[in-house]
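For the sequence shown, this note's numbering assigns the number 1 to the initial residue and increments by one for each residue that follows.
We treat Cβ as the ideally placed atom computed from N, Cα and C, and that holds for glycine.
Working notes, beginning with the structure itself.
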Amino acid sequence: MVWVALLPLMLLAVSLLGAFVEDNRGSWVGDVLTMWNLVGIFGSMVFVPLVAVSLIGAGLLRWRFRIGRWLSTLGSSVMLLVATALSLGAIASLIAPPEHRDPNSWAGPLSILGTALFVVPYVVMTTANAYVLIRLWKRP
């Protein structure tokens, strides 16, 4: 359960290392790494409190099971919604007709392959948080 709570921070760490290795070579992988970094850094205002709530809930499961279950449920539910929204937003931006884009934008549009790669960790987060929620509420 703890590793599920830490998934957004692990993605940020891996994407920062990947961007360091990629070193802005101009490939579609670099675009995906840039998007992960942007979402991770600016999304940390949402991710860090959710990770904290989930970790506190996981820590309380042994001593105060009901409180721990509710806190873990809150953290996992909101993270599931955020990860699903990020996935759907990336797919929608791929499908939607091109709007007037800012030429000075920090991140360019992703290709089909880039969008598929971008969405993979968020689908994993959604699936893992759904699994945590099912496990939390199967217990009496």
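Alpha-carbon spacing of residue i relative to residue j, whole angstroms
i: V120; j: L55; result: 23 angstroms
i: L12; j: S111; result: 21 angstroms
i: N104; j: G26; result: 16 angstroms
i: G40; j: L86; result: 11 angstroms
i: V4; j: R66; result: 19 angstroms
i: R69; j: F42; result: 28 angstroms
i: A92; j: L61; result: 38 angstroms
i: I95; j: R64; result: 46 angstroms
i: Y131; j: V124; result: 10 angstroms
i: V29; j: V21; result: 11 angstroms
i: V143; j: F118; result: This structure gives no information on residue 143, because the portion of the chain shown stretches from 1 to 140.
i: L71; j: L113; result: 36 angstroms
i: L16; j: L9; result: 11 angstroms
Extent of the continuous alpha helix (DSSP H) run through residue i
i: G43; result: Note, G43: premise wrong, no alpha helix (DSSP H); not H, not E.
i: A13; result: 7 to 22
i: S93; result: 65 to 95
i: L153; result: The structure shown has nothing for residue 153, since the chain only spans 1 to 140.
Assumed close pair residue i, residue j - CB separation to whole angstroms, cut-off 8 angstroms
i: V78; j: L6; result: Not really, about 15 angstroms apart at Cβ, beyond 8 angstroms.
i: G38; j: G18; result: Contrary to the premise, residue 38 reads as Leu rather than Gly in this sequence. At roughly 13 angstroms, the Cβ-Cβ gap does not stay under 8 angstroms, so L38 and G18 are not in contact.
i: L74; j: V46; result: With a Cβ gap of about 13 angstroms, L74 and V46 do not count as contacting.
i: T115; j: T84; result: T115 to T84, Cβ: 15 angstroms. No contact.
Buried/exposed call for residue i, threshold 16 Cβ in 10 Å
i: W137; result: exposed
i: V2; result: exposed
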